[in-house]
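J.: For the sequence shown, position 126 matches number 129 in my numbering, and the numbering has no gaps at all.
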Amino acid sequence: MNQWIVRTGWIGVLAASAAVSQQPAAPAAPAPAAAPAATQPPDVKIDTVSIAPGIYMLVGRGGNIGLTVGVDGAAIIDDQFADMNPKIRAAVALLSDKPVSFVINTHLHGDHTGGNDAFGQSGAVIIAQENVRKRLSVAAVNATTNQTTPPRARAALPVITFDDSATLHFNDDDLEFTHLLNAHTDTDIMVRFRKANVVHMGDTFTGGFPFIDGGNGGTLDGFILAHEKVLPTLDDATKVIRGHGPLGNKAELQAYHDMLVVVRDRIAKLVKAGKSQDDVIAARPTREFEDKYGGTSFNAAQWLGRAYVDQKTALEKRKKKK
Ligand SMILES: [Zn+2]
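1. So is R136 buried or exposed if we call it buried at 16+ other beta carbons inside 10 Å?
2. Give the residues whose C-beta lies closer than 5 Å to at least one heavy atom of ligand 1, in chain order.
3. Once DSSP output is grouped into helix, strand and coil, what is the label at V312?
4. Can you list, in chain order, the residues of its chain whose CB lies under 6 Å from that of A159, leaving out five sequence neighbours each side?
5. Return the first residue and the last residue of the beta strand (DSSP E) that H172 is part of.
6. Is it the case that the Cβ atoms of T190 and H260 are separated by a distance below 7 Å?
7. By the 10 Å Cβ neighbour count, where 16 or more other Cβ atoms means buried, how is A34 classified, buried or exposed?
8. Between the stretch 247 to 263 and the stretch 73 to 87, do at least 3 Cβ pairs fall closer than 8 Å?
9. Do I49 and L61 have their C-beta atoms within less than 7 Å of each other?
10. So, at 7 Å on beta carbons, what are the nonlocal neighbours of A199 in its own chain, with the 5 sequence-adjacent residues on each side left out?
11. Helix, strand or coil: which one does DSSP assign to R287?
12. Alpha carbon to alpha carbon, what distance is there between S279 and P240?
13. Roughly how many angstroms separate the alpha carbons of V274 and K295, rounded to a whole number?
14. Can the beta-carbon of V106 be found closer than 7 Å to that of D82?
15. What does DSSP give as the partner residues of S104 in its beta bridges?
16. Buried or exposed: where does A127 fall if 16 or more other Cβ atoms within 10 Å of its Cβ makes it buried?
17. Put T116 into one of helix, strand or coil per three-state DSSP.
18. As a quick exercise: from L223, F208, M262, pick the residue whose alpha carbon is nearest that of G66.
19. Apart from the five residues on each side of it in sequence, which residues of its chain come closer than 8 Å, Cβ to Cβ, to L98?
20. Is the CB-CB distance between T152 and A143 below 7 Å?
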């Protein structure tokens with residue numbers, strides 16, 4: 004049996020679709036990428052928010068981290084930027100005398116996986132949807148900037164991957180991982196603590212308008228469908244961790260979903276009427292939501308531009324079918 008299963012005492016039951024990878028993707032790749040670099044001075048403190056017994060949200064720089072500590076040790080959901088690693092370890096050490104034994108990635112982005120290198124090197128088992136490993140194993144070219152991101156280092160790659168779903172039995176709870184198709188990216192999962200009634204939505208739910216990463220398989224329709232898959236499984240007591248932003252709940256996720264439906268339908272109507280991408284952005288389909296979700300980083304052209312492309316593609320597909 005693998006050493007880490009013995010070491011952590013993990014029961015090791017995963018869904019039938021789960022695959023255990025012990026080897027890096029062949030063949031030899033270009034020099035591994037350094038973990039994503041800092042974009043701000045690294046003087047950020049980790050804020051530890053208690054959510055349920057043994058479950059916390061760690062807020063620092065990058066995506067919100069979910070943390071479970073207990074009899075089996077510590078596991079985290081997402082690990083922010085590489086330079087946050089010592090601070091994340093210190094925050095965990097205040098709550099557990101055991102190191103992080105599992106890292107779950109909600110999706111591939113560097114502000115959620117930047118700590119993979121360090122945690123992987125120190126023996127944590129990284130778990131993710133299989134597209135995370137596929138995408139991080141190869142160089143990626145940004146279609147807008149034409150910049151190439153080299154493949155991530157071997158230690159940063161998930162070693163346990165799954166297609167649709169998997170479960171980690173840890174700290175007397177069941178952590179259920181569910182793939183959310185083509186939403187923020189094509190690598191997104193939701194993580195549910197079944198007993199504690201806590202979910203981590205990754206970047207399919209944030210405090211602002213969505214970032215639709217079309218280059219990595221994201222679509223606006225996928226965001227909406229992801230919420231429609233998750234919402235019926237939540238109740239009013241469910242604690243909902245956003246990828247970025249404050250701790251949320253079901254009503255807030257529902258409102259976010261409803262906003263996206265309104266904006267999507269407006270864009271679809273304009274696309275159907277033959278309007279251009281510039282027309283769609285100029286029509287401000289987000290108008291009454293901008294105060295709530297716009298924030299300082301609101302970039303209408305970025306996400307509405309992508310939403311326009313999605314809706315145009317969807318319309319063309321429907322026409323072809325007829
Ligand atoms: Zn992201």
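The beta-carbon is built from N, C-alpha and C at its ideal position, and this holds for glycine as well.
T.: Reading off the structure:
1. buried
2. H112, D206
3. helix
4. N119, D120, G123
5. 168 to 173
6. no
7. Per-residue confidence for A34 stands at a pLDDT of 46, beneath the threshold of 50, marking its modelled position as unreliable; no derived number is given.
8. no
9. yes
10. A55, I58, D176
11. coil
12. For clarity, residue 240 is Ala in the given sequence; the question names Pro instead. Each residue's Cα considered, the two are about 43 Å apart.
13. 25 Å
14. yes
15. None, per the DSSP bridge assignment.
16. buried
17. helix
18. F208
19. T51, Y59, L70, V72, A77
20. yes
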